[in-house]
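Right, one structure below, let's go through it.
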Amino acid sequence: MLITATEFKTNIGKYLKLAAKEDIIITKNGKRVAKLTNASEDKTDIVKSLIGILPNTISESEAREERLSKHERHA
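Using UniProt numbering, the first residue of the sequence shown is number 1, and each one after it goes up by one.
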């Protein structure tokens, strides 16, 4: 659903409730500036998008160690 920033400010409670069921795109001067979405669905989508990224040749613990070592080098 697309709504203007003015409409959102006027009816914020209504759109916060609707965001649990559908994405709300907020526009200002005709440009998209924000998106309200269901937080729990967003986490699920992120997890689903990561499935299959890790190659079969590396174990979960090896991937974790590699990720942590990258952070330690940048610290």
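Quick reminder that beta carbons are idealized off the backbone N, C-alpha and C, glycines included.
These figures come from a predicted structure and were not determined experimentally.
query, result
"Looking at the ligand MN, does it come within less than 6 Å of Asp45, judged from the CB to the closest heavy atom?", "Questions concerning the ligand MN fall outside what the structure shown contains, since it holds no ligand whatsoever."
"Which of the three DSSP states, helix, strand or coil, is assigned to His20?", "Strictly speaking, residue 20 in this sequence is Ala, with His absent from that position. Looking at Ala20 - three-state DSSP - the assignment turns out to be coil, as it is neither helix nor strand."
"Roughly how many whole angstroms lie between the Cα atoms of Glu60 and Lys28?", "44 Å"
"Kindly indicate which three-state DSSP category residue 76 falls into: helix, strand or coil?", "Limits of the chain in this structure are 1 at one end and 75 at the other, which puts residue 76 out of reach."
"For a quick check, are the C-beta atoms of Ile24 and Leu36 less than 7 Å apart?", "yes"
"Thinking C-beta only, is Ile26 closer than 7 Å to Ala39?", "no"
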